[in-house]
Amino acid sequence: MTQRTPSPYTAPDLIGDSPAWLGFIWLAFLISMAAMLVGIWYLPVDAWMRGYLLMGTLFLTASTLTLSKSLRDRHEYERLVNRVKTARTEQVLSQYEG
Numbered sequence: 001m002t003q004r005t006p007s008p009y010t011a012p013d014l015i016g017d018s019p020a021w022l023g024f025i026w027l028a029f030l031i032s033m034a035a036m037l038v039g040i041w042y043l044p045v046d047a048w049m050r051g052y053l054l055m056g057t058l059f060l061t062a063s064t065l066t067l068s069k070s071l072r073d074r075h076e077y078e079r080l081v082n083r084v085k086t087a088r089t090e091q092v093l094s095q096y097e098g
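Under the UniProt record's numbering, the letters of the sequence shown match residues 1 to 98, in that order.
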């Protein structure tokens with residue numbers, strides 16, 4: 001029996017984000033960041049308050065990106081561990097049956 005290559009529609013490990021989705025999320029990020037920065041710039045407040053809000057915006061953005069990367073890395077690690085456990089279980093079962 002020949003081994004078939006899994007379809008990207010049935011193999012969850014091969015499914016990636018579409019170019020349209022990637023374009024949308026980048027556009028949404030850039031628009032929201034620009035709107036926030038313009039809004040802070042035109043606020044009728046002192047310069048120190050504007051600087052505080054800008055600093056908070058930049059730190060919040062950086063920590064959000066770091067958190068999302070860390071969560072993604074942890075998810076990928078857990079998937080790898082589960083795949084290894086599944087492979088070991090299948091190996092034990094095939095030895096037991098054979």
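No residue lacks a Cβ here, since even glycine has one placed at the ideal position from N, Cα and C.
The structure presented is a predicted model; accordingly, all values stated were derived computationally and were not measured.
query	result
Collapsed DSSP secondary structure at Met1 in the structure displayed	With a pLDDT of 47 at Met1, under the threshold of 50, the modelled position of that residue is not reliable, and no figure is offered here.
Asp17 - DSSP class collapsed to helix/strand/coil	coil
Met55 versus Arg79, Lys69, Leu37, residue with shortest Cα-Cα distance	Leu37
Under 9 Å between C-beta atoms of Met33 and Thr64	no
Cβ-based neighbour list, Trp21, same chain, cut-off 8 Å, excluding 5 preceding and 5 following	none
Beta carbon of Ile40 nearer than 9 Å to that of Leu53	yes
Simplified DSSP state of Tyr42, which is helix, strand or coil	coil
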